[in-house]
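Residue numbers (the UniProt record's numbering): 1 to 283. All remarks here apply to the structure that follows.
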């Protein structure tokens, strides 16, 4: 059947079906005469199953493993049921607190007396570990957010702007075995700050969408990765300027430095995420 017929059979929009194809969960055959996709009954059933499990909170990666037989659906459903029970309990508790607060005629942030609604603060924090753990880590606060990205962009733009008039007409843009393998006009120095803009506004949405299907930390991880990519662009820009000035000659130094910084910041973030929720860093 055609994509239109698959939409009608699954009751799903085309964008969902295409997304499952992109993730490799559904691989329809191609009509040799026109190249159009042909969805089998099996494809349609799989699309329904995938969408159904997604509504239950299963990640794309988990569904992939279930389809490959690497995990037991029964066991994963039991595990997901426990997760949902915990979430329901948390939401019911939060709903009761909201109800208590709504009994007031009007509430303002600066007048909010938390202990009026929560008698045991420590217990309240312990009952909401996931949210507070995420807040505590700010997942890799060293890199996440607009401020760090803005600093990287400004540094990259400043380096390009102030060095431009001193650059030769051709600058290296590619290295091989420690030697320059390709050059471009000196205007290429502005490609690095431009890359920061492209990474933030064009690449970031696609990266976030992919991470959203694989992890609960999609926002934090996206900020971390995009800012690190901008940092890598700045590193290459600085290396280019140092290379032209004769200060450094070997490009692997940049790669090694970036990898070390990536590993250290990642480990710091992971360590902070796994600390006890209530500690001195979160108080």
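Beta carbons: idealized from backbone N, C-alpha and C, even for Gly.
Check whether the Cβ atoms of residue i and residue j lie closer than 8 angstroms to each other.
{"i": "residue 171", "j": "residue 159", "result": "no"}
{"i": "residue 338", "j": "residue 155", "result": "Outside the displayed span of the chain (1 to 283) sits residue 338, for which this structure offers no information."}
{"i": "residue 193", "j": "residue 244", "result": "no"}
{"i": "residue 10", "j": "residue 48", "result": "yes"}
{"i": "residue 370", "j": "residue 237", "result": "Given a span of 1 to 283 for the chain in the structure shown, any question on residue 370 remains unanswerable."}
{"i": "residue 226", "j": "residue 249", "result": "no"}
{"i": "residue 59", "j": "residue 240", "result": "no"}
In whole angstroms, give me the CA-to-CA distance for residue i and residue j.
{"i": "residue 16", "j": "residue 224", "result": "27 angstroms"}
{"i": "residue 75", "j": "residue 3", "result": "33 angstroms"}
{"i": "residue 65", "j": "residue 83", "result": "19 angstroms"}
{"i": "residue 138", "j": "residue 145", "result": "Confidence in residue 138 is poor, its pLDDT being 47 and thus under 50, which makes the residue's placement unreliable; the coordinate value appears in the next sentence. Looking at the two C-alpha atoms, the distance is approximately 10 angstroms."}
{"i": "residue 34", "j": "residue 22", "result": "20 angstroms"}
{"i": "residue 103", "j": "residue 113", "result": "14 angstroms"}
{"i": "residue 251", "j": "residue 123", "result": "53 angstroms"}
{"i": "residue 136", "j": "residue 109", "result": "Caution applies to residue 136, whose pLDDT of 48 falls short of 50 and renders its modelled position unreliable; the value that the coordinates give is listed next. Going by the C-alpha atoms only, they are around 21 angstroms apart."}
{"i": "residue 87", "j": "residue 27", "result": "34 angstroms"}
{"i": "residue 279", "j": "residue 121", "result": "A caution first: residue 279 carries a pLDDT of 45, below 50, which makes its placement in the model unreliable, though a value can still be read off. The alpha-carbon atoms of residue 279 and residue 121 are separated by roughly 13 angstroms."}
{"i": "residue 85", "j": "residue 161", "result": "56 angstroms"}
{"i": "residue 100", "j": "residue 24", "result": "48 angstroms"}
{"i": "residue 246", "j": "residue 150", "result": "29 angstroms"}
{"i": "residue 80", "j": "residue 73", "result": "10 angstroms"}
{"i": "residue 14", "j": "residue 253", "result": "47 angstroms"}
{"i": "residue 12", "j": "residue 165", "result": "57 angstroms"}
{"i": "residue 18", "j": "residue 206", "result": "15 angstroms"}
{"i": "residue 95", "j": "residue 105", "result": "18 angstroms"}
{"i": "residue 91", "j": "residue 98", "result": "10 angstroms"}
{"i": "residue 264", "j": "residue 111", "result": "41 angstroms"}
{"i": "residue 29", "j": "residue 176", "result": "42 angstroms"}
{"i": "residue 262", "j": "residue 179", "result": "25 angstroms"}
{"i": "residue 256", "j": "residue 6", "result": "49 angstroms"}
{"i": "residue 1", "j": "residue 8", "result": "10 angstroms"}
{"i": "residue 148", "j": "residue 208", "result": "18 angstroms"}
{"i": "residue 235", "j": "residue 61", "result": "33 angstroms"}
{"i": "residue 157", "j": "residue 242", "result": "16 angstroms"}
If I'm right that residue i touches residue j with Cβ under 8 angstroms, what's the distance once you round it to whole angstroms?
{"i": "residue 53", "j": "residue 63", "result": "5 angstroms"}
{"i": "residue 163", "j": "residue 174", "result": "With a Cβ gap of about 19 angstroms, residue 163 and residue 174 do not count as contacting."}
Inset, instruction - Identify every run of the beta strand (DSSP E) within the region 63–135, keeping only runs that are complete inside it and at least 3 residues long; order them along the chain. - result: none
Inset, instruction - Count the CB pairs spanning the region 194–206 and the region 105–117 that are closer than 8 angstroms, and state whether there are at least three. - result: no
Inset, instruction - Decide yes or no for the touch test of the region 224–233 against the region 38–46: beta carbon pairs closer than 8 angstroms, at least 3 of them. - result: no
Inset, instruction - Let me know the beta strand (DSSP E) ranges lying completely inside the region 154–204, each 3 residues or longer, listed in chain order. - result: 170–176 and 179–185
Inset, instruction - Pick out the complete alpha helix (DSSP H) segments inside the UniProt domain "HTH merR-type" (1–69), 4 residues or longer, and give them in chain order. - result: 3–10, 14–22, 41–55 and 60–67
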